[in-house]
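Asker: Sharing a structure here in structure tokens format.
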Amino acid sequence: MKRRTFLGGAMAVAVVGQGSRALAQQPPIKIGMSMPQTGGLAGGGKASLLGIEIWRDDINAKGGLLGRKVELVVYDDKSSASETPAIYAKLVDVDKVDLLFAPYATVPTAPIMPFVKQRGLLLMGNFSFQVNSKVGHDMWFNNAPWGPADSWAASFLDLAQKAGGKNMALLTADQEFAQNLALTARDVAKQRNIPVVFDQSYPPNTVEFASIIRALKAAKPDIVYVASYPPDSAGILRAVNEIGIGDDVKIFGGGMVGLQFAAVMSNLGSLLNGVVNYNTWLPEPSMYFDGTKEFFEKYTKRAIEAKVDPLGYYLAPFGYAMGQMIEAAVGATKSLDQKGIAKYLRENEHKTIVGPIAFSADGERKETATLQAQFRGVKDKDIEQFRSSGKQVILFPDKLKTGNLIVPFEAARK
Amino acid sequence: MNKHRHSIAFWAGVAIFLVAVLSMTQIVRNEYPFFAGYVILQFIALAVAWSILGGYAGYVNFGTNAFFGVGVYTAVGLFKATGAPLVVQIAAAAVIGMLLGFAVGLLTLRMRGIFFSIATIALAIIIETFVMNWRFVGGAAGIQLQRPPVMAPFDSYVKMLFFVQALLAVTAVAIARYIQNSRIGRGLQALRDDELAAECTGVPTLKLKLVACMISGALISAAGAPAAMYLQYADPSSAFNLSYSVSALAMALIGGTAHWIGPVLGAILLGSTQQLLAVTISSEVNVLVLGIMLVLFVVGAPKGIIGLLRPRYRLRAGGKP
């Protein structure tokens, strides 16, 4: 018995050994990136990286790309724009990586856009917003579901107008992403003749929103579009809870960053109810594609060890999808030629765990897949509730819709 | 005579350094050393400029990021409005930095110790808020810039920026060295040791502090100006990042502030370590390593590297041990 076990074990080792020798014959395919692992963007960066690492492990388990193992070369950019130029120069000139992924978020990505354009390199974008609009690099592909710049505000205002909204209040953080959102919101409102009755920016790190919410309430808007960052998103909702927002408001939210992260959501609990906010992936029946369920099973297990967002809906599956697109393009072109890969990515639709992805000429999604969802029946202090469907009902896009908007906002809060 | 010999050695060293930098831009083809080298040179300029006020006069300025950001945004504003070349951007940044130094000095230099430091932090926040609301330079959303074509004899813009930053670092060092050995430097040292006593013996303390603040501000802003073209992107939170203040201060303290070579050594040591850690350990640990380094130096070598290397030196230029 013992001997048989030993023989079996030896054979298994031999088989595995042969397999890995076959993989080891050729040097690995190196994919280089920086990722915010310290600083303000670290929470998102780490979750995104875990998604990419799960893809790497999956592809290596299947035998790698072009029969070669995939290896990630990752450096910490400290969430700062000033670190990334040197890091990407090192990745390209010293590490000689085969392919490049962008870091999570706009700020660290912006300085490397001109660099990849000058060098003619393919860059897979990771949740930055309109970073290619002025650079015009034709080998840039963003994994984020944003789509055309104005679609974000347009989808929210569509919902608002259908619900009878006629004028808008705008509350915006004085930070990069929020200001970009507000800019498009003003444009879309102008096109549709929706008067902006309140337009206020507040400095980052504001903690007390009572006076701002009072002023907003006094303007009696129907639509309240909020573009805020995690700490202020919480502050705004607390102030709304204390002061109320008035019965006129049909719809509230739109661009609140932070309400996608498990820690913020469980902290706010029932204060979230009624808020309509953007999201990228939610555990609703319409959001499951080939491999989505398996991905989250792996993610949930590994997130504990990696100490990242336990839910991981916002970024992680898109990190995995980025890998899947490379997998498809390299598989189809049978080479690592970056021009060929870019051509393939531009001309085809790609199946991923976050749904089909097709790109327009600027490297952003052809159609927006940014969700607008309403929080419903959320209880206090419970992370696990967000794993079940129905807590965030998808209102937009129509293809993925799982429910209708409840109006007015005050009614939806109950 | 001895002083004259020192001078010749210094300028010969400067010439050799600049020739080496220039030939490096012509010979080395791999661009990474220039990206990393640029950052190290930038920190040399910042640390040396910081130590003119912070080291010689003992006025701890936490507003390095304010002057740095002003340099960046002067360059951005000028480039966007007129397409001004790099030299003009840097010169304008130096002038604005100097004016800002003058204004800030007038308002805050009557405060001592921690109160002065707090006032300089406030300065950074005020200017950052102003820039955030200035839509012409992109406001809070930031701005992407397209570099103009590179000038001969350089074949890439980064190499040119590397050389320009080397020039700025050398300028900062030369000015710091001149101040240290001049009446200004001696006056600053006197007021650092005891401001009241210095005032009583006829040292024009406020005037000297103002001069130091203006020169320091001009050099920091000038060192910040090329960052706009280096990153080809500017946003207020990166340009006014407090890490510039902390790094400049830490580099000067680790190197030692009594002599101009101190901040240079500190910047080379800390700057290279930062660059190296960023591409080796590359996680939270690199912040920890820097923190431990700082603590070790503060505890083990309160006079910095130069305090360790040349104990005799304290008697010559450092004033009180």
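Quick mapping for you: the protein sequence lines, in order, are chains A and B.
Using our numbering, read the first sequence as starting at 1 and increasing by one per residue.
Using our numbering, read the second sequence as starting at 1001 and increasing by one per residue.
Ideal placement from N, C-alpha and C gives every residue a C-beta, glycine not left out.
All of these numbers come straight from a predicted model, not from anything done at the bench.
Relative to the C-alpha of valine 1211 of chain B, which residue among B:Arg1183, B:Ala1234, B:Ala1222 is closest?
Answerer: B:Arg1183
Asker: Which partner residues does phenylalanine 141 of chain A have in the DSSP bridge list?
Answerer: A:Met124
Asker: Determine the direct distance from the alpha carbon of alanine 178 of chain A to that of lysine 166 of chain A, and round the result to whole angstroms.
Answerer: 23 Å
Asker: If we ignore side chains and look at the alpha-carbon of each, how far apart do leucine 1100 of chain B and glycine 1217 of chain B end up?
Answerer: 7 Å
Asker: Spatial neighbours of leucine 1161 of chain B within its chain, please: CB distance less than 7 Å, with the 5 preceding and 5 following residues excluded, ordered by chain position.
Answerer: Tyr1038, Pro1226, Met1229, Tyr1230
Asker: Nearest-angstrom Cα distance between valine 135 of chain A and glycine 1307 of chain B?
Answerer: Spanning the alpha carbons of valine 135 of chain A and glycine 1307 of chain B requires a straight line of approximately 50 Å.
Asker: Quick one: residues in its chain with C-beta nearer than 8 Å to the C-beta of alanine 1141 of chain B, no 5 flanking neighbours on either side, listed in chain order?
Answerer: Asp1235
Asker: Residues of the region 1214-1235 of chain B in Cβ contact with chain A at a cutoff of 9 Å, in chain order, please.
Answerer: Ala1227, Tyr1230, Leu1231, Gln1232, Tyr1233, Ala1234, Asp1235
Asker: Which same chain residues, not among the five before or five after valine 188 of chain A, have their C-beta less than 6 Å away from its C-beta?
Answerer: Asp150, Ala153, Ala154, Leu157
Asker: Where does isoleucine 1281 of chain B sit, in a helix, a strand or coil, going by DSSP?
Answerer: coil
Asker: So asparagine 60 of chain A is in the alpha helix (DSSP H); what residue range does that whole segment cover?
Answerer: 42-61
Asker: Tell me whether the beta-carbon of phenylalanine 1068 of chain B lies closer than 8 Å to the beta-carbon of glycine 1224 of chain B.
Answerer: yes
Asker: According to DSSP, simplified to helix, strand and coil, what is phenylalanine 1010 of chain B?
Answerer: Residue state, collapsed to three classes: helix.
Asker: Would the beta-carbon of aspartate 174 of chain A fall within 8 Å of that of tyrosine 202 of chain A?
Answerer: yes
Asker: Going by Cα to Cα distance, which pick from A:Phe198, A:Pro27, A:Lys307, A:Gln130 is closest to glutamate 364 of chain A?
Answerer: A:Gln130
Asker: Below 8 Å, how does it come out for the region 1001-1017 of chain B and the region 1126-1136 of chain B: are there three or more Cβ pairs, yes or no?
Answerer: no
Asker: The alpha helix (DSSP H) that contains valine 1131 of chain B, what's its start and end?
Answerer: 1113-1132
Asker: According to the neighbour-count rule (16 or more other Cβ atoms, all chains shown, within 10 Å of its Cβ), is isoleucine 242 of chain A buried or exposed?
Answerer: Isoleucine is not the amino acid found at residue 242 of chain A; the sequence shown has glutamate there. The residue in question, glutamate 242 of chain A, is exposed, as its Cβ has fewer than 16 Cβ neighbours within 10 Å.
Asker: Confirm, please, whether the CB-CB distance from arginine 376 of chain A to asparagine 273 of chain A is below 8 Å.
Answerer: yes
Asker: Could you please give the first and the last residue of the uninterrupted beta strand (DSSP E) stretch that includes leucine 66 of chain A?
Answerer: Premise fails: leucine 66 of chain A is in no beta strand (DSSP E) and is neither H nor E.
Asker: Using beta-carbon positions only, say whether threonine 38 of chain A and aspartate 95 of chain A come within less than 8 Å of one another.
Answerer: no
Asker: Go ahead and pull the three-state DSSP assignment for isoleucine 194 of chain A.
Answerer: coil
Asker: Could you name the residues that DSSP lists as bridge partners for glycine 403 of chain A?
Answerer: DSSP, once it has assigned bridges, lists no residue as partnering glycine 403 of chain A.
Asker: Can the beta-carbon of glutamate 53 of chain A be found closer than 8 Å to that of valine 107 of chain A?
Answerer: no
Asker: Going by DSSP in three states, histidine 1004 of chain B sits in which element: helix, strand or coil?
Answerer: In this structure, DSSP gives histidine 1004 of chain B a helical state, which the three-state scheme calls helix.
Asker: In chain order, what residues of the same chain lie with their CB nearer than 6 Å to the CB of glutamine 1144 of chain B, ignoring the 5 residues before and after it?
Answerer: Result list for glutamine 1144 of chain B: Tyr1233, in chain order.
Asker: Any contact of the region 1253-1265 of chain B with the region 1117-1130 of chain B, i.e. 3+ C-beta pairs under 8 Å?
Answerer: no
Asker: Does phenylalanine 1035 of chain B come within less than 8 Å of chain A when only Cβ atoms are used?
Answerer: yes
Asker: Taking the CB atoms as reference points, tell me whether alanine 89 of chain A and phenylalanine 1035 of chain B lie closer together than 8 Å.
Answerer: yes
Asker: Since isoleucine 304 of chain A meets chain B, which of its residues come closer than 9 Å, beta carbon to beta carbon?
Answerer: Correct list: empty, because the minimum Cβ distance to chain B is about 18 Å.
Asker: Hey, quick one: how far does the alpha helix (DSSP H) through asparagine 267 of chain A stretch, first residue to last?
Answerer: 262-268
Asker: Does DSSP put arginine 1147 of chain B in a helix, in a strand, or in coil?
Answerer: Note: arginine 1147 of chain B maps to coil in three-state DSSP.
Asker: Below 8 Å CB to CB, which residues in the same chain sit around glutamate 1199 of chain B once its five sequence neighbours on both sides are set aside?
Answerer: Leu1191, Thr1205
Asker: So isoleucine 212 of chain A contacts chain B; which residues on that side make the cut at Cβ distance below 9 Å?
Answerer: Per Cβ cutoff of 9 Å: no residues; isoleucine 212 of chain A is ~16 Å from chain B at best.
Asker: So, is methionine 325 of chain A buried or exposed, given that buried needs 16 or more other C-beta atoms within 10 angstroms?
Answerer: The residue is buried, with at least 16 neighbouring Cβ atoms inside 10 Å.
Asker: Tell me, please, which residues DSSP counts as bridged to serine 34 of chain A.
Answerer: A:Tyr75
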